Each structure stands twice: as C-alpha cells, then as structure tokens.
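Heads up: the structure comes next, in structure tokens.
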DNA sequence: TTGAAAGCGGTACCAA
DNA sequence: TTGGTACCGCTTTCAA
C-alpha cells in the first residue's frame with residue numbers, strides 16, 4: 042500500500058508538500074499540486090487514518106452507546122446519527138450496553154483507548170459522575186433520552202410531561218371518562234415525567250383513584266400484564282395512556298385475547314412513535330422526534346469536538362400528537 | 042495522558058519492557074512486571090490503540106455494512122455481530138448503505154483509510170467483483186443474506202428454498218387447498234429461492250395458476266397491495282405464503298380492513314422470524330437463525346483475519362418452522 | 001531478561 | 001513556495 046513517501050518520490054517533491062496537498066493547507070503551486078494529485082492517483086494512494094490520528098489530528102470517529110439496538114427506539118436513533126456523522130465525515134462505533142454498568146465501563150475504556158472524538162450516550166443506569174469524568178478527560182459527551190439537571194452535561198430529551206398531557210387530553214376529547222395509566226419504571230426520568238403528566242390532568246378528576254395507575258416495565262409482555270391487572274381493578278376503564286408504544290402493543294394483545302374491542306370499548310394511546318406500522322389497529326401516540334434527536338445530538342457533539350461553546354444543559358424537544366385508529370370515536374369508526 | 046515512556050520512567054525500565062508486559066509477550070521477570078503494572082496503575086495508563094495499530098498490529102475494528110438498520114431484520118444481525126465482536130475484543134463500525142452503490146463505494150474507501158480488519162457485508166446491489174477487489178487488498182469479507190456461487194467469496198445464507206417448502210407444506214397440512222404467494226423482488230436471491238420453493242410444491246397441483254403469484258417488494262405497504270391484488274384475482278385463496286414477514290403484516294392489515302378473518306378464512310405464513318411480537322394474531326413463519334448468522338459471520342471473519350484457512354464458499358444455515366396463530370386450523374382456534 | 005533504536009505513515013514547525 | 005526533520009505512541013528486531 043502506497044505511502045506519502047511513495048507519492049512524494051513519484052511526484053518529485055518532499056513528503057511535506059504531499060501532506061500539504063492532502064490537507065489543502067499551506068502554499069502549493071497549482072503545478073506541483075497537479076503533479077502530486079496525479080501521483081496519488083496512479084499509486085491509488087489512501088492516507089492512513091491511523092497515522093494521521095496519531096500525528097495529532099482527530100480520529101473522526103464517534104461512539105454511540107445504547108442499551109440495545111433490538112429495542113425499536115434505537116435503530117431510528119442510530120440511523121439519524123449515522124446519517125449525520127456520515128455527512129460530516131465521521132464514522133460511528135456501535136455499543137450495546139444492556140443496561141449493564143460493567144459493560145459500560147468496559148466500553149468507556151475501549152473508547153478511550155481508541156481515542157474516539159466523542160460519545161453519544163443513551164443510558165439509564167449511568168451516573169452523572171461517570172459522564173463528568175469523561176468530560177474531564179476532554180471526551181465530549183451528549184446524553185440523549187435522559188437528563189441530569191443542574192449538572193454541566195448536555196442532554197437532549199423530549200417534552201415528556203407535556204406529551205403525556207397531550208395524550209391524556211386527547212383521550213378526554215375523544216370522550217373517555219375513566220382513564221388509566223400503564224407506566225414505565227419510575228427510575229427512568231422519561232417514565233416519571235409521563236406519569237406526572239397523566240397525574241396532573243387526572244388526579245383532580247372525581248373518578249380518579251390511584252389504582253388506575255399500574256406500574257410496568259416498558260416492554261410488550263409487561264404491557265399485557267398491566268392491562269389485565271388494570272382491567273381486573275377497573276372493568277370500566279374506557280381509555281388508557283401507556284408510557285410507551287411497546288406497552289400499548291402488549292395491552293392491545295391482552296385486550297384482543299379477551300375480545301375487548303379497541304377503540305370501541307377502550308381507547309389506547311402510547312408514547313414514542315415507533316413500530317407503528319406493525320400493529321393493527323393503527324396506534325395513536327405521542328411522536329418523539331427521534332430522528333431529529335439523533336441529528337441534533339450529532340450536531341451538538343461536533344460543536345463540542347470543534348471546541349465551540351455550547352450550553353451544557355438540558356435541551357427539550359417538541360413532541361406531536363398523532364391521532365389514528367386506536368383512539369377513534371366509535372361513531373367515527375363506523376365509516 | 043500517560044504514555045508508555047511515562048510508565049517506563051516511573052517503573053525504572055525501558056519502553057521495550059513496558060511493551061512486553063502490555064502484550065504479555067517475551068521474557069519479563071515477575072518482579073519487573075509487577076513494578077510496571079503498578080506504574081501503569083498509578084498513572085492510569087491506557088495504551089493508545091492508534092499507535093499500536095500504526096506500529097503494525099491490527100485495528101481490532103471491523104465494519105458492518107447493511108442497507109438500513111431501520112429494517113427490523115438488521116438490528117438482530119447487528120446485535121449478534123456486536124456481541125461476538127465485543128467478546129473477541131473487536132469494535133464494530135456501523136454503515137448504512139441504503140442500497141446505494143455510490144454510498145457503498147464511499148464507505149469502502151473510508152474503511153480502507155481506517156485500515157479496518159474486516160467487513161461483514163449485507164448488500165443486494167453489490168457486484169461480486171467489488172468484493173473480490175476488497176479481498177485482493179487483503180481485506181477479509183463475509184457476505185450475509187446473499188451469495189455468489191462459484192466465486193471465491195465466503196457467504197452465509199439461510200436455506201431459503203427448503204424453508205419455503207416447509208411453509209407451503211405446513212399450509213397444506215393445515216388444510217389449505219388454494220395457496221397464493223406474495224413474492225419479494227426477484228433480483229434478490231433470497232426472494233427468488235423462496236419463490237422457487239413455493240413453485241416446486243404448488244405448480245403441480247391441479248388448482249395452480251400463475252396468477253396465484255403476486256410480485257411485491259418485501260415491505261409492509263407492498264404486502265397490503267399484493268394481498269388485495271391476490272384477493273381480487275382469486276377470492277377463494279385460503280392460504281398465503283409471503284416471501285417475508287413484513288409483507289405478511291401488510292397482508293394482515295389489508296385483510297383486517299376487509300373484515301376477512303385470519304386464520305379462519307385465510308391462513309398466512311411468512312419468512313424471517315422478525316418483529317413477531319408486534320403483530321396480532323401471532324404470525325406463523327419460517328425462522329431464520331439471524332442471531333446465529335451474525336455470530337457465525339463474525340467467527341468466520343475472525344478466522345480470515347487471523348489468516349486461518351476457511352472455505353470461501355456459500356454456507357447454508359437451517360431454518361425452522363414456527364407455528365402460531367395465523368395458520369391454526371379453525372377448529373383448533375376455538376379453544 | 002532487558003534496552004537501544006529503527007520504523008509504522010503521517011503532521012507541522014522552521015529554514016531555506 | 002518548498003524541504004528537512006522532529007515528533008505522535010507503540011512494536012519489534014538485535015545486542016548486550
């Protein structure tokens with residue numbers, strides 16, 4: 042494989058000059074530049090990124106650390122980030138952490154060894170101190186889908202509480218008069234915020250009782266169980282807001298088994314805006330701008346990598362109500 | 042950040058010795074080793090992978106190039122590969138090619154520049170020559186979900202034709218007497234093989250007519266359209282084998298709209314074994330060992346990277362019939 | 001068992 | 001506008 046020296050020799054110039062034309066930097070005569078370019082061409086020279094990085098430049102590589110690419114939320118994120126990275130000439134290393142702090146630590150080490158330029162991190166187990174530590178080693182980090190208010194950490198989250206209110210309000214608007222909530226794990230900020238959003242609107246209703254809230258795990262199976270539990274407690278619920286779409290799918294399956302009709306007897310709405318295409322009937326949901334979260338995360342990260350000043354705080358993104366079949370009014374549904 | 046020199050100085054040895062203990066290679070006295078280890082510890086030394094790679098060792102990085110991580114087939118693959126890679130101390134770069142040859146080329150270049158150790162490639166647009174070219178540059182490549190018989194290219198595919206036969210046979214067994222096929226794009230080997238599998242079993246039936254086969258695109262929307270088309274041609278089909286699961290979902294949606302009951306009126310079976318959890322009713326399908334494909338791909342790649350001899354041919358993996366609700370016999374269904 | 005020194009393939013400063 | 005050269009941090013002979 043040809044090196045800068047080979048190119049220099051062939052073009053009859055020094056390696057310094059070759060380096061200049063590679064980097065388009067410093068003074069080079071058009072004529073010599075052409076010669077060098079031609080030499081590179083004929084040798085099909087590819088600059089060794091390892092060497093460039095070693096010699097001081099960045100690795101043009103970032104890492105994306107997520108719990109699990111199998112969770113349908115993350116491929117969208119990964120896609121957005123990879124797109125943005127590619128656009129900017131960066132390469133993305135994928136890391137699945139499985140919510141496992143030990144695996145996270147191990148990855149952090151590897152990433153340091155590889156001198157990656159930055160990290161986009163989705164983790165619900167991570168301690169803010171760990172992020173701060175990375176930053177002290179001057180590794181830029183952008184946290185997504187989780188936040189550490191008060192810490193000097195840049196994070197990107199959706200307006201979870203507001204979205205939850207939108208969802209519940211929508212159920213009201215569709216005529217629901219007894220609304221339950223299937224919530225995610227409360228140690229997750231997002232789950233908590235969505236729960237609060239529900240509570241804000243419902244706790245003051247005369248029909249409200251705390252047993253309308255069932256705690257679950259953000260997974261399909263958990264959603265099913267939670268739905269059954271909710272139904273056994275309150276056979277007359279006519280609307281359910283679930284903390285995420287996966288649990289709505291679970292709820293839907295449970296109701297299907299029981300022969301309960303959606304949306305006729307119970308209306309269902311979720312949160313996230315994922316996997317919508319798979320499910321019958323089409324789900325109403327609060328759509329997170331996942332793609333936008335990803336590309337913005339990448340943009341912030343690049344700014345930090347370039348040493349530009351960015352506000353290391355919590356950035357909140359707007360969500361959107363998507364109305365589909367699972368919350369349709371019955372009469373509308375008969376079209 | 043501490044270097045090997047700092048460690049050497051602190052431990053009172055040369056950098057060569059430090060290098061030896063890092064790599065557990067060559068003779069080092071237990072005593073000096075301990076001293077070096079301690080020095081590394083107190084300096085919290087992390088070997089610079091860039092430098093190591095440059096000095097001749099591998100980058101311990103491989104690339105995974107797929108069309109699109111959003112297609113639910115690929116996260117499973119990515120997960121398997123990442124797991125195996127992680128286990129082996131390798132790191133994975135994710136590349137979405139979007140079936141775009143230009144993007145593929147561009148990535149190939151980047152990957153060469155980065156001196157990645159190998160590539161796992163899922164592409165339906167790639168020409169065998171391109172793979173051969175990479176191999177000539179001594180970049181090991183493992184191709185998955187596509188194959189180039191006769192070429193010296195290692196590829197991993199499922200037994201598509203056999204799986205298709207299993208699916209169709211199952212429909213027969215469940216009592217179907219007129220079976221349609223919704224096929225994928227015929228320029229894809231997998232789609233073609235599955236189509237052949239269907240044809241083998243059905244073309245000799247007395248009820249068979251070519252119009253029982255509808256060509257589609259492996260996507261949900263395409264599946265819906267194809268199902269409607271099939272139904273308009275043959276209102277009496279009682280079983281459908283679709284080339285992949287996504288199209289079954291589409292078919293299911295179309296049937297749901299029309300009020301046609303699955304499996305009562307029409308039985309549906311797909312291929313892949315993905316996204317099964319999302320759908321109601323639970324889909325019968327031919328399960329590809331996706332995870333196993335991924336981990337085997339990684340293992341083969343590592344062997345090639347280590348310079349071991351592996352048969353650069355097509356490796357076929359067994360598939361499995363998964364029977365669930367969408368093909369249940371009606372009487373069974375009334376439990 | 002250890003150390004000296006020559007690279008690996010670039011970048012970037014200083015002179016020319 | 002160019003070239004010489006000292007690194008970047010590590011691996012790997014070859015001698016000692």
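Protein chains in written order, with this note's numbering: chain X, 42 to 376; chain R, 42 to 376.
The beta-carbon is built from N, C-alpha and C at its ideal position, and this holds for glycine as well.
Please read all numbers here as calculations on a predicted model, not as lab measurements.
At a cut-off of 9 Å between beta-carbon atoms, residue 153 of chain X makes contact with chain R. Per DSSP, residue 278 of chain X is not a residue of any alpha helix (DSSP H), being assigned neither H nor E.
Close to residue 135 of chain R, with beta-carbon spacing below 7 Å, are these residues of chain X in chain order: 119, 123, 133 and 135. Interface residue (Cβ-Cβ distance to chain R less than 9 Å): residue 113 of chain X is classified as such. Apart from sequence neighbours up to five positions away, the residues of its chain that approach residue 278 of chain X with a beta-carbon distance below 8 Å are 219, 220, 221, 253, 271, 272 and 307, ordered along the chain. With a beta-carbon spacing of about 17 Å, residue 157 of chain R and residue 335 of chain R fall beyond the 8 Å limit used to define contacts. At a cut-off of 9 Å between C-beta atoms, residue 369 of chain X does not count as an interface residue with respect to chain R. Counting only Cβ-Cβ distances below 9 Å, residue 229 of chain R has no contacts in chain X at all, with the closest Cβ about 21 Å away. At least one C-beta of chain X is nearer than 9 Å to the C-beta of residue 178 of chain R. Taken through DSSP and simplified to helix, strand or coil, residue 222 of chain X comes out as strand. Straight across, the Cα-Cα distance linking residue 361 of chain R with residue 64 of chain R is about 44 Å. Rounded to whole angstroms, the separation of the alpha carbons of residue 356 of chain X and residue 348 of chain X is 19 Å.
Per DSSP, the beta bridge partners of residue 104 of chain X are X:134 and X:160. Interface annotation, residue 106 of chain X: not in contact with chain R, CB-CB separation never under 9 Å. Neighbours of residue 294 of chain R in chain X, taken as residues whose beta carbon is under 8 Å from its own, are 321 in chain order.
With a threshold of 9 Å between beta carbons, residue 174 of chain R makes no contact with chain X.
For the region 77–99 of chain X, residues whose beta-carbon sits nearer than 7 Å to a beta-carbon of chain R comprise 87, 88, 89, 90, 91, 92, 94 and 95. When the five nearest sequence neighbours on each side are left out, the beta carbons in the same chain lying within less than 7 Å of the beta carbon of residue 193 of chain X are those of 353, in order along the chain. Each residue's CA atom was taken as its position, placing residue 113 of chain X and residue 163 of chain X some 14 Å apart. According to the DSSP secondary-structure assignment, residue 196 of chain X is paired through a beta bridge with X:184 and X:355. Residue-level contact check: residue 102 of chain R touches chain X, since one or more beta carbons of chain X fall below 9 Å from its beta carbon. With a minimum length of 3 residues, the unbroken runs of beta strand (DSSP E) contained wholly in the region 294–326 of chain X fall at 308–313. Exposed is the label assigned to residue 250 of chain R, since fewer than 16 other Cβ atoms lie within 10 Å of its Cβ. Residue range 254–256 is occupied by the beta strand (DSSP E) that includes residue 254 of chain X. Of the residues X:60, X:105, X:109 and X:91, the one whose Cα lies closest to the Cα of residue 78 of chain X is X:60.
In this structure, R:268 is the residue among R:268, R:172, R:315 and R:312 with its C-alpha nearest to the C-alpha of residue 303 of chain R. The beta-carbon separation of residue 154 of chain R and residue 82 of chain X, rounded to 16 Å, does not stay under the 8 Å limit for a contact.
When only Cα atoms are considered, residue 288 of chain X and residue 132 of chain X end up about 34 Å apart.
The shortest CA-to-CA distance from residue 214 of chain X to any of X:57, X:369, X:134 and X:106 is the one to X:369. Of all residues in the region 277–304 of chain X, those with a C-beta nearer than 8 Å to a C-beta of chain R are 290, 293, 294 and 297, reading in chain order.
With respect to residue 227 of chain X, residue 236 of chain X sits close: the two C-beta atoms are nearer than 9 Å. Identification of residues in the region 46–64 of chain X having a C-beta nearer than 9 Å to some C-beta of chain R yields an empty set.
Of all residues in the region 231–261 of chain R, those with a C-beta nearer than 8 Å to a C-beta of chain X are 261, reading in chain order. Here residue 146 of chain X has no same chain residue with a Cβ atom under 6 Å from its own Cβ, once five neighbours each way along the sequence are excluded.
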